[in-house]
Amino acid sequence: MTHIEIAAPLAAALAAKGYESLTPVQDAVLAEEAAGRDLLVSAQTGSGKTVAFGIAIAQELLQGADRLLFADVPGALIIAPTRELALQVARELDWLYAEAGAKIATCVGGMDYRTEKRALERGAHIVVGTPGRLRDHIERRSLDLSGLRAAVLDEADEMLDLGFREDLEFILQAAPEERRTLMFSATVPKAIAELAKDFQRDALRLQTAGEAKQHVDIEYRALNVTARDREHAIFNLLRFYEARSAIVFCKTRVAVNHLLARMGNRGFQVVALSGELSQQERTHALQALRDGRARVCIATDVAARGIDLPGLDLVIHADLPSNSETLLHRSGRTGRAGSKGVSALIVAPSEFRKAQRLLQGAKVVAEWAKPPSADEVQEKDDQRILEHPLLGADLGDEMAMSATLLERFGAEQVAAAFVKMWREGRSAPEELQDVGSAAEPSKPRERAEFGEAVWYTVSVGRSGRAEARWLLPKICDAGDITKNEIGAIRVQEDETFVQIGKAVAGKFGAGIDLEAGVTMRRLEGEPSMDRPERAPRKSFDKPERRAPAARAPREDAGETKARPEKPAYVPKPSRIVEDDERPAKTWTPDDAAPRAERKPYAKREEAAKPYAKREEGAKPYAKREDGPRKPYVKREEGAKPYAKREDAARPSAPRDEAGKKPRWAAGDKPAPRSAGFKSHGGGADGKPARAGGFKSHASEGKSFGKPAFGKAKPAAAPKDAKDTSKRFVPPKKK
Numbered sequence: 001m002t003h004i005e006i007a008a009p010l011a012a013a014l015a016a017k018g019y020e021s022l023t024p025v026q027d028a029v030l031a032e033e034a035a036g037r038d039l040l041v042s043a044q045t046g047s048g049k050t051v052a053f054g055i056a057i058a059q060e061l062l063q064g065a066d067r068l069l070f071a072d073v074p075g076a077l078i079i080a081p082t083r084e085l086a087l088q089v090a091r092e093l094d095w096l097y098a099e100a101g102a103k104i105a106t107c108v109g110g111m112d113y114r115t116e117k118r119a120l121e122r123g124a125h126i127v128v129g130t131p132g133r134l135r136d137h138i139e140r141r142s143l144d145l146s147g148l149r150a151a152v153l154d155e156a157d158e159m160l161d162l163g164f165r166e167d168l169e170f171i172l173q174a175a176p177e178e179r180r181t182l183m184f185s186a187t188v189p190k191a192i193a194e195l196a197k198d199f200q201r202d203a204l205r206l207q208t209a210g211e212a213k214q215h216v217d218i219e220y221r222a223l224n225v226t227a228r229d230r231e232h233a234i235f236n237l238l239r240f241y242e243a244r245s246a247i248v249f250c251k252t253r254v255a256v257n258h259l260l261a262r263m264g265n266r267g268f269q270v271v272a273l274s275g276e277l278s279q280q281e282r283t284h285a286l287q288a289l290r291d292g293r294a295r296v297c298i299a300t301d302v303a304a305r306g307i308d309l310p311g312l313d314l315v316i317h318a319d320l321p322s323n324s325e326t327l328l329h330r331s332g333r334t335g336r337a338g339s340k341g342v343s344a345l346i347v348a349p350s351e352f353r354k355a356q357r358l359l360q361g362a363k364v365v366a367e368w369a370k371p372p373s374a375d376e377v378q379e380k381d382d383q384r385i386l387e388h389p390l391l392g393a394d395l396g397d398e399m400a401m402s403a404t405l406l407e408r409f410g411a412e413q414v415a416a417a418f419v420k421m422w423r424e425g426r427s428a429p430e431e432l433q434d435v436g437s438a439a440e441p442s443k444p445r446e447r448a449e450f451g452e453a454v455w456y457t458v459s460v461g462r463s464g465r466a467e468a469r470w471l472l473p474k475i476c477d478a479g480d481i482t483k484n485e486i487g488a489i490r491v492q493e494d495e496t497f498v499q500i501g502k503a504v505a506g507k508f509g510a511g512i513d514l515e516a517g518v519t520m521r522r523l524e525g526e527p528s529m530d531r532p533e534r535a536p537r538k539s540f541d542k543p544e545r546r547a548p549a550a551r552a553p554r555e556d557a558g559e560t561k562a563r564p565e566k567p568a569y570v571p572k573p574s575r576i577v578e579d580d581e582r583p584a585k586t587w588t589p590d591d592a593a594p595r596a597e598r599k600p601y602a603k604r605e606e607a608a609k610p611y612a613k614r615e616e617g618a619k620p621y622a623k624r625e626d627g628p629r630k631p632y633v634k635r636e637e638g639a640k641p642y643a644k645r646e647d648a649a650r651p652s653a654p655r656d657e658a659g660k661k662p663r664w665a666a667g668d669k670p671a672p673r674s675a676g677f678k679s680h681g682g683g684a685d686g687k688p689a690r691a692g693g694f695k696s697h698a699s700e701g702k703s704f705g706k707p708a709f710g711k712a713k714p715a716a717a718p719k720d721a722k723d724t725s726k727r728f729v730p731p732k733k734k
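For the sequence shown, the UniProt record's numbering gives the first residue as 1, with consecutive numbering after it.
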């Protein structure tokens with residue numbers, strides 16, 4: 001196959017990144033028949049799609065140049081379904097186009113809109129974003145697609161599943177028709193084919209080997225577990241593989257939070273990704289996984305779409321996916337760039353058929369097995385200890401300290417301490433129930449013969465509320481032994497007998513203190529644990545009841561008469577006669593008791609009331625006699641003659657205008673500036689009006705309504721009761 005040449009800046013970036021060869025999807029987009037054409041590429045997650053379309057659009061962006069000049073409008077648009085995937089694509093393109101001097105802007109939901117707008121205004125060659133935020137920028141006219149030469153839809157099938165079809169159609173309609181459109185998808189369902197038909201011109205279909213068969217670098221395992229051991233199987237899987245980073249998929253946010261709490265309590269370094277987290281929290285979680293501060297990620301399908309975790313070795317499906325495409329998307333997080341990975345499905349008995357349909361639909365073959373048991377996890381830990389790289393490395397400065405430890409404690413003690421420290425830093429494996437015996441009731445475990453042992457007595461018993469589960473960890477801590485080296489524990493009334501293996505009995509010596517007030521002492525031989533025989537119970541025989549004494553008759557009592565015999569009961573005949581029944585004897589009135597004779601009826605004679613006829617006729621009418629009337633006198637027309645009031649005011653005396661002193665003269669002292677304003681009391685001619693005593697309206701130092709110093713207050717006008725020019729005040733009553 002003939003390939004087009006990779007642009008020089010991009011070839012230099014690939015060489016600096018350590019690329020020695022290209023992946024199949026990268027080779028496919030560089031073929032000569034794909035040059036300049038619209039492409040519909042089917043490739044699994046992790047097959048190098050980001051670098052593939054980054055190389056493919058270089059011809060439209062660079063156009064033969066080695067450096068990119070300032071761009072008023074973007075030349076390429078990359079659309080991703082999620083924020084994490086968009087930011088990941090932007091990081092990949094940043095180093096790929098670093099030598100070419102490309103400016104890359106991101107437009108994703110959850111980020112500051114103003115910062116994105118300023119980045120677009122400064123000029124960007126490539127814009128990477130999510131459908132919703134890109135449409136928002138286009139509608140606000142902060143993103144101009146008039147100069148767009150290439151558009152890429154990454155994970156197109158996921159965008160349609162998330163309901164972005166309307167946004168995608170809006171964005172592609174806003175771009176020029178002569179652009180180049182590339183669609184990358186893990187699968188090509190009918191909806192993707194219809195979208196490609198509407199917005200691509202004579203698209204070339206490229207299919208890599210990843211769609212036709214499973215990833216050869218991924219090992220699929222289906223693990224049969226009981227419903228109650230689902231979470232325990234996940235813990236044992238993580239402990240068995242000890243992956244550098246792992247991801248656990250759940251269906252709901254509630255399941256994510258529940259599993260996060262349980263794994264955190266067991267000491268796992270774990271983070272969560274769900275829709276309820278803010279963008280800042282999601283970024284911190286992903287950064288913790290990349291930095292190695294966390295090794296396990298619990299996520300939902302939507303939150304984990306498109307994320308790329310370096311060194312991901314294990315994918316666990318805590319809840320089975322809804323379809324085969326989701327299974328491929330989940331599993332595609334591992335087995336990238338030639339590395340190996342494991343995809344484990346946790347399958348309960350009720351989900352067996354569903355798991356088979358998912359695997360058949362995804363065209364993958366899984367190995368059905370049981371999850372790792374506690375013994376298998378322990379063996380794996382022991383193998384890791386023996387294969388630890390530090391055991392065969394040159395430690396240099398640490399050798400001096402190791403010599404001191406060996407000299408002081410001995411090789412066996414140092415090695416035992418190393419093994420214990422190794423195990424304490426990891427979660428203890430869980431005991432799992434066999435799926436075949438899940439429906440059967442659990443039977444009591446038969447304990448094997450313990451072997452040679454030494455008996456000890458503990459100074460606390462049933463009276464001190466001692467229990468085996470309380471004593472067991474105290475004995476293990478005191479003697480630095482495990483529970484497997486402890487045999488029977490027999491709690492008595494005042495003491496407790498404990499069986500210790502003979503091999504480790506020397507750690508306890510003749511006796512040891514478990515805690516304050518509780519001691520453990522060695523016994524010679526076996527203790528006597530026979531219960532004392534119970535004393536026979538006393539029988540409390542009840543005395544026989546005496547017969548009641550005969551009562552003596554009363555002295556004043558007379559002779560007792562015998563009661564007459566009661567006549568036999570004879571029922572009365574029923575008045576209700578059934579259809580086939582008749583009374584034995586018909587009742588007649590003669591059967592009743594005779595009645596007394598009635599008095600003869602006599603009508604009462606009533607006396608008639610005398611009737612008096614009413615005299616007809618009305619009372620005669622008497623006419624009222626009127627009194628004498630006054631004679632009528634005609635009213636004289638005309639006005640009433642006016643008479644001058646005697647209480648009018650007296651005429652004022654003529655005033656001598658010539659002898660009056662003027663209030664103000666032009667040659668005198670200057671008047672205040674406000675004296676002539678009409679609003680301050682001045683007249684219409686501009687002359688000051690008479691001030692009411694205010695300082696601002698006076699020119700002779702008057703203040704606060706008081707007369708000037710040295711001048712007498714003018715006398716008040718005499719009050720005259722006849723003066724009606726003022727308000728009338730009635731005189732006081734005498």
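Even for Gly, the Cβ is constructed at its ideal location relative to N, Cα and C.
If residue i and residue j are in contact, beta carbons under 8 Å, what's the gap, nearest whole angstrom?
i: ALA86; j: THR50; result: Actually they are not in contact, since the Cβ atoms of ALA86 and THR50 sit about 11 Å apart, beyond 8 Å.
i: VAL458; j: VAL419; result: The pair is not a contact, with the Cβ atoms about 29 Å apart (cut-off 8 Å).
i: LEU93; j: ILE138; result: In fact, because the Cβ distance is near 21 Å, the residues do not count as touching under 8 Å.
i: THR334; j: LEU314; result: 7 Å
i: GLU430; j: ALA369; result: Going by Cβ atoms, the distance from GLU430 to ALA369 rounds to 17 Å, so no, they are not a contact pair.
i: ILE307; j: GLU84; result: 5 Å
i: GLU367; j: LEU320; result: The pair is not a contact, with the Cβ atoms about 17 Å apart (cut-off 8 Å).
i: ALA16; j: ASP66; result: Actually they do not touch by this definition, with Cβ atoms about 16 Å apart.
i: ARG179; j: ALA150; result: 6 Å
i: TYR220; j: VAL364; result: 5 Å
i: ALA124; j: PRO74; result: 5 Å
Where do the N-terminal and C-terminal ends of the beta strand (DSSP E) with residue i fall, by residue?
i: MET183; result: 180-185
i: HIS317; result: 312-317
i: PHE249; result: 245-250
i: GLY487; result: 486-491
i: residue 739; result: With the chain covering only 1 through 734, there is no way to say anything about residue 739.
Less than 8 Å separating the beta-carbons of residue i and residue j?
i: ALA102; j: VAL128; result: no
i: ASP167; j: ARG135; result: yes
i: GLY501; j: GLU485; result: yes
i: ILE39; j: LEU204; result: Before going on, a small fix: residue 39 reads as Leu here, not Ile. Cβ atoms of LEU39 and LEU204: closer than 8 Å.
i: LEU260; j: ALA243; result: no
i: VAL491; j: GLU515; result: no
i: ALA344; j: THR226; result: no
i: SER402; j: LEU358; result: no
i: ILE346; j: ILE512; result: no
i: VAL41; j: LEU153; result: no
i: ILE55; j: LEU30; result: yes
i: ALA100; j: LEU69; result: no
i: ARG239; j: ARG426; result: yes
i: SER21; j: THR208; result: no
Can you check DSSP and say which residues form a bridge with residue i?
i: SER343; result: TYR220 and VAL315
i: ILE79; result: GLY129 and LEU153
i: TYR19; result: Looking at the DSSP assignment, TYR19 forms no beta bridge with any residue, so it has no partner.
i: TYR456; result: VAL498 and ARG522
i: VAL41; result: PHE184 and LEU206
i: ARG114; result: DSSP lists no partner for ARG114.
i: LEU273; result: ALA299
Does chain C have any CB closer than 8 Å to the CB of residue i?
i: ALA488; result: Protein chain content of the structure displayed is limited to a single chain, and chain C is not contained in it.
Can you tell me where the alpha helix (DSSP H) holding residue i begins and where it ends?
i: VAL419; result: 411-424
i: GLY361; result: 352-362
Could you tell me if the beta carbon of residue i falls within a distance shorter than 7 Å of some heavy atom in the ligand NAD?
i: HIS388; result: Ligands are entirely absent from the displayed structure, and the ligand NAD is therefore not among its contents.
With three or more beta-carbon pairs closer than 8 Å as the criterion, would you say the stretch 293-312 touches the stretch 256-274?
yes
With three or more C-beta pairs closer than 8 Å as the rule, is the stretch 181-193 touching the stretch 95-114?
no
Say whether the stretch 389-409 touches the stretch 247-264, bearing in mind that this needs 3 or more beta-carbon pairs closer than 8 Å, one atom from each stretch.
no
Check whether the stretch 155-167 and the stretch 61-81 touch, using three or more Cβ-Cβ pairs below 8 Å as the test.
yes
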